[in-house]
Every structure is written in C-alpha cells, then in structure tokens.
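Residue numbers (our numbering): 3 to 243.
Everything below concerns the one structure shown next.
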Ligand code: C5P
C-alpha cells in the first residue's frame, strides 16, 4: 500500500489517502501537545508506542464485537483504517474523577463515579471543544437520537472491556476519549485509543501512566509510555481476561 496525499493533520496524528479505495493511513507522530496546544514538544518514540497500543486495543475491541475503523499496522507508527464519515464529537467516559471534571465541578480527585459518567464535547479547535448535552447534539444535527443512544451504549461497552483488560494488569482506567464515525450508515469507533487519549493510574501507587505525565511535568514521558505499553501488551500474572 502506498501513502498518498495528506487529508487531515491533527495535533499528534496525520491522515493520508492511500492507493486503495476507502483505506486511509493514520500516522502517529512524535508531537505531543497539552492545554489546547499551548504546551508542545516532540518526543522521539511516542508515535510508535501510541500506534502499537491503539492497534492492540482496536483488535481487542473488534474481537469483542465493537465495530472499529482498524484494519492493520503498516509500520511501527502507522495504521491502515477504513475511511469513516467522522462525527465531530469527543465522547469521554469517566470512572474516577480527575482532570477537567475536578476543575469544573465540585468533585474531589479520585472519587469513584459509579455508574460511569459520559461527557460529550464538540470537536472544534476554534471553539475550544465546548461541552454539549443531548439537546444541543440533536439541535446541531450531529447525530440522530438512535445514533446518540448507540454511541453511548458502545462507549459504556468499550469502557467495560478496556477497564477489565487494564485492571487485570494492575492499571486503573480513570477516563478516556473516543471518536466515532459512520461506515455505510453504521456507527463505528474511529481515531485512537492510546496514552494520549486515556488517563491511566497504577492501581498500587496511583502513579500516572499517560499524558498527565507530560501535562503536569511528572517525569520522563517516554519512559512512562514505554512502560505502560509493555504492561498493556503483556499477559497478566493470573491469565488473560
Ligand atoms: O481533560 P479532561 O479531564 O476532560 O480529559 C478527559 C479524558 O479525555 C482524558 O483521558 C484525556 O486524555 C482525554 N481527552 C482527549 N482529547 C481531548 C480531550 C480529552 O484525548 N481533546
């Protein structure tokens, strides 16, 4: 497969057309940004760890019945994906209060959220990803009521699958972000599932194992990404879930 012209450039990924119809190449770059792009760096090797972990989770989710855009890895930092009609929503599932929910609402960091809380933002750099509610999502005609219900159901199922998988490896899935698109009219999980889009805590120590290491200057980001990627890709002590 050949990589052709650039179709989309995000803060940490570039998407290219390929010479196969309906197949895109999603390349994970070493760029890392935080605080709406105010903090920026290039960390050699980051793209590879995120591509590896994303590819692994997409395969895992497909095996458990979740439709995703993932088709395969073509090199260490690039995935082949189906060309979805992307929906400009950032769907966040939270199991534990951390990050913006603690800054904006009276939650104490570390509070268990049971049932998990789904928050949906409008994906727009210009508008700084404002939070939506169901009425706004429907008024903006971003999805139908049925699609919204399905997106939330898939989001909770993905949360269950990832939480169980990570828990077996001593990692707590605090929260994570997903993006969805349509393929032949069907809702399908797209984008990435990586250390850039998840908040992960070591269950024993509470240590951050994700982009918070970068956001909050908590240490060596690449060492943390390498370490958590190794844990995610390994068999747990008591056998795989
Ligand atoms: O910043 P906040 O606490 O709202 O983030 C919640 C989760 O969503 C975190 O895991 C974060 O990494 C992810 N997120 C993301 N992309 C965004 C916003 C949040 O991956 N644009």
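For each residue, glycine too, the CB sits at the ideal point set by N, CA and C.
Anticipated Cβ contact below 8 Å, residue 203 with residue 210, distance rounded:
Residue numbering aside, residue 203 sits at position 201 when the chain shown is read from its first letter. Residue numbering aside, residue 210 sits at position 208 when the chain shown is read from its first letter. With a Cβ gap of about 6 Å, residue 203 and residue 210 count as contacting.
Can you round the beta-carbon distance between residue 160 and residue 68 to whole angstroms, since I take them to be within the 8 Å contact cut?
As a working mapping, residue 160 is identified with position 158 in the chain shown. As a working mapping, residue 68 is identified with position 66 in the chain shown. Rounded, the Cβ-Cβ distance is 6 Å, consistent with contact.
Check whether chain C comes within 9 Å of residue 235, counting only Cβ atoms and requiring the distance to be less than that.
Although the question refers to chain C, the structure presented lacks it and comprises just one protein chain.
Residue 191 and residue 70 look like a contact to me (Cβ under 8 Å); what is the Cβ gap, rounded to whole Å?
Taking the first residue of the chain shown as 1, we reach residue 191 at position 189. Taking the first residue of the chain shown as 1, we reach residue 70 at position 68. Indeed, because the Cβ distance is near 4 Å, the residues count as touching under 8 Å.
Drop a sphere of 10 angstroms on the beta-carbon of residue 216, count the other beta-carbons inside from all chains shown, and report buried for 16 or more, exposed for fewer.
Here residue 216 corresponds to residue number 214 of the chain shown, with the count starting at 1. It is buried - the Cβ of residue 216 has at least 16 other Cβ atoms within 10 Å.
Does the beta-carbon of residue 46, which I'm using as the reference point, lie nearer than 8 Å to any heavy atom of the ligand C5P?
For this step, residue 46 is matched to residue 44 along the chain shown. No, since every heavy atom of the ligand C5P falls outside the 8 Å radius drawn around the Cβ of residue 46.
I'd like to know whether the C-beta atoms of residue 20 and residue 4 end up nearer to each other than 9 Å.
The sequence position of residue 20 within the chain shown is 18, counting from 1. The sequence position of residue 4 within the chain shown is 2, counting from 1. With contacts defined by Cβ atoms closer than 9 Å, residue 20 and residue 4 form a contacting pair.
When DSSP labels each residue in this structure, what does residue 13 get in the three-state scheme?
Within the chain shown, numbered from 1, the residue matching residue 13 stands at position 11. DSSP places residue 13 outside both helix and strand once states are collapsed to three, so it counts as coil.
If distances are taken between C-alpha atoms only, which option among 232, 47, 123, 199 comes closest to residue 31?
Working through the chain shown from its first residue, we reach residue 31 at position 29. Of the candidates 232, 47, 123, 199, the residue whose Cα lies closest to the Cα of residue 31 is 47.
Complete alpha helix (DSSP H) runs within the region 69 to 108 (minimum length 4 residues, chain order):
Counting only runs that start and end inside the region 69 to 108, the alpha helix (DSSP H) elements of at least 4 residues fall at 102 to 106.
Are the region 50 to 60 and the region 78 to 96 touching, with three or more C-beta to C-beta distances below 8 Å?
Taking 8 Å as the limit for Cβ pairs, the verdict is that the region 78 to 96 does touch the region 50 to 60.
Run the CB neighbour count on residue 127, radius 10 Å, all protein chains shown included, and call it buried at 16 or more, exposed below.
Here the question's residue 127 lines up with position 125 in the chain shown. By the Cβ-count criterion, residue 127 is exposed, with fewer than 16 other Cβ atoms from all chains shown falling within 10 Å of its own Cβ.
Does the distance between the C-beta of residue 131 and the nearest non-hydrogen atom of the ligand C5P fall short of 8 Å?
By one-based count along the chain shown, residue 131 stands at place 129. Within the cutoff, so yes.
Cβ-heavy atom distance between residue 28 and the ligand C5P below 8 Å?
Here the question's residue 28 lines up with position 26 in the chain shown. In this structure, the C-beta of residue 28 stays at least 8 Å away from each heavy atom of the ligand C5P.
I'd like to check one pair, residue 234 with residue 205: are the Cβ atoms closer than 9 Å?
Working through the chain shown from its first residue, we reach residue 205 at position 203. Working through the chain shown from its first residue, we reach residue 234 at position 232. In this structure, residue 234 does not lie closer than 9 Å to residue 205 by Cβ.
Counting pairs of beta carbons, one from the region 33 to 41 and one from the region 214 to 232, are three or more of them closer than 8 Å?
Enough Cβ pairs lie closer than 8 Å, so yes.
Count the other CB atoms, across all protein chains shown, that sit within 10 Å of the CB of residue 9; report buried if there are 16 or more and exposed otherwise.
Counting from one through the chain shown, the residue named residue 9 turns up at place 7. That one is exposed.
Closest by CA to residue 53, which one among 74, 42, 43?
Here residue 53 corresponds to residue number 51 of the chain shown, with the count starting at 1. Among 74, 42, 43, the Cα nearest to that of residue 53 belongs to 74.
To the nearest angstrom, report how far apart residue 138 and residue 238 are at their CA atoms.
Within the chain shown, residue 138 is the residue found at index 136, counting from 1. Within the chain shown, residue 238 is the residue found at index 236, counting from 1. Taking the CA atoms as reference points, residue 138 sits about 42 Å from residue 238.
Enumerate in chain order the residues of its own chain whose CB-to-CB distance from residue 50 is below 6 Å, with the five nearest sequence positions on each side excluded.
The residue labelled residue 50 in the question sits at position 48 within the chain shown. If we look at residue 50 and ignore the five residues flanking it on each side, its Cβ neighbours are 78, 79.
Check whether the Cβ of residue 259 lies closer than 8 Å to any heavy atom of the ligand C5P, and answer yes or no.
Residue 259 is absent from the structure shown; the chain starts at 3 and stops at 243.
Assigned exposure category for residue 223 - 16 Cβ within 10 Å defines buried:
Working through the chain shown from its first residue, we reach residue 223 at position 221. Buried, since its Cβ has 16 or more Cβ neighbours within 10 Å.
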